[in-house]
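Take the sequence shown: its position 112, counting from 1, is numbered 112 in my numbering, and each next residue is one higher.
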Amino acid sequence: MGTIAMTGGATGIGAAIRELLAEAGHRLIVVDIKAADINADLSTSAGREAALAGIQAEAGGGLDGFIACAGVSGSVPDKALIPSVNYFGAVNLLDGLRPLLALRRGSAVLISSNSAPMDTSQDYVELLLSGDEAAARELAERTEGHPLYSGSKQALARWMRRNTAAYAGQGIRLNAVAPGYTRTPMTESVANDPAYADAIKQFLASIPLQRAGEPEDIARAVRYLLSDDASFVCGSVLFVDGGHDAMLRPDTF
1 MGTIAMTGGA
11 TGIGAAIREL
21 LAEAGHRLIV
31 VDIKAADINA
41 DLSTSAGREA
51 ALAGIQAEAG
61 GGLDGFIACA
71 GVSGSVPDKA
81 LIPSVNYFGA
91 VNLLDGLRPL
101 LALRRGSAVL
111 ISSNSAPMDT
121 SQDYVELLLS
131 GDEAAARELA
141 ERTEGHPLYS
151 GSKQALARWM
161 RRNTAAYAGQ
171 GIRLNAVAPG
181 YTRTPMTESV
191 ANDPAYADAI
201 KQFLASIPLQ
211 RAGEPEDIAR
221 AVRYLLSDDA
231 SFVCGSVLFV
241 DGGHDAMLRP
251 DTF
């Protein structure tokens, strides 16, 4: 069994991933803002450096896998957290862990979203992809939250695909999972908000499989992508959304 680092393993999808991989015998190194193996604030460069140093100390012999799961929703009050946690907290850490992944020809999975293909501000997405965190945060502070969320997840998937070949040259497979609506503490807090409750009900009714996702659905997809069964899967975005993306974009894939 391998050594796998992950961010965002305390609740929801992250907790399900952590539990499933631990049951399979993997050693998990979990980074979160509290109650984790390494407590770090991924919204700041100092927090990311602390997380990176902690993982390096725990896994000096290399990593078999990395999962970027930490994230905040579009309804978070401080909108600048969205680009910093969802995008920079993922790609900066993964980039820093690249040497450890190369030592064991490991695999990395980024948690994107099935909202990633939605129309969003391309100026914002391009700021993320260019690495300009300060400008992305400034733009986020004067922008409505949900396009910021989908934009951060679009940028994450695009970063993954842009970097797939370079990482593969070192034997590292990059992939992403794009969950649809999944029952987690984060999504349930939005569903219980009177401002969004009716829209969430209509959204759930539109899912082709007629149910919301469960954290375990996403965890099983991540487990597959990290496994040898997916040894030739590289640069893919796996939608785990009950058929929603196919319904909305039947001719685009």
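From the three backbone atoms N, C-alpha and C, an ideal C-beta is built for every residue, glycine too.
Nearest Cα to Val177 within the set Asp245, Ala40 and Ser121: Asp245. The way I'd put it, the region 90-109 does touch the region 168-184; three or more beta-carbon pairs between them come closer than 8 Å. Beta-carbon to beta-carbon, Gly65 and Ile4 are separated by about 4 Å, close enough to satisfy the 8 Å threshold. Under DSSP, Ile38 takes part in a beta bridge, and its partners are Val31. Counted as a single uninterrupted DSSP element, the beta strand (DSSP E) harbouring Ser107 occupies residues Ser107 to Ile111. Around the beta carbon of Phe253, fewer than 16 other beta carbons lie within 10 angstroms, which makes this residue exposed. In this model, Leu139 and Gly71 are separated by some 18 Å (Cα to Cα). Between the alpha carbons of Ala116 and Gly74 lies a distance of about 13 Å.
Counting of Cβ neighbours within 10 angstroms places Pro77 among the exposed residues, the total staying below 16. Collapsing the DSSP output to three states places Val177 in a strand. The Cβ neighbour count for Leu209, taken over all protein chains shown within 10 Å, is under 16; the residue is labelled exposed. Spanning the alpha carbons of Cys69 and Ile55 requires a straight line of approximately 15 Å. Pro250 counts as exposed, since fewer than 16 other C-beta atoms from the protein chains shown sit within 10 angstroms of its C-beta.
The shortest C-alpha to C-alpha distance from Leu94 to any of Ala53, Ser113 and Asp228 is the one to Ala53.
One Cα belongs to Val91, the other to Leu127, and the distance between them is close to 14 Å.
Per DSSP, Gly65 is one residue of the beta strand (DSSP E) stretching across Gly65 to Ala68.
The region 27-41 makes no contact with the region 133-153: fewer than 3 CB pairs, one atom from each, lie closer than 8 Å.
The three-state secondary structure of Met247, taken from DSSP, is helix. Leu238 places its beta carbon less than 9 Å from that of Ala221. Residue Glu144 holds the alpha-carbon nearest to the alpha-carbon of Ile82 among Val240, Glu144 and Asp217. Rounded to whole angstroms, Arg223 and Arg142 show a C-alpha spacing of 38 Å. Minimum Cα-Cα distance from Ser84 among the listed residues Ala155, Arg104 and Tyr181 corresponds to Ala155. DSSP assignment within the region 90-138 yields the following whole alpha helix (DSSP H) runs of 4 residues or more, N-terminal first: 122-130.
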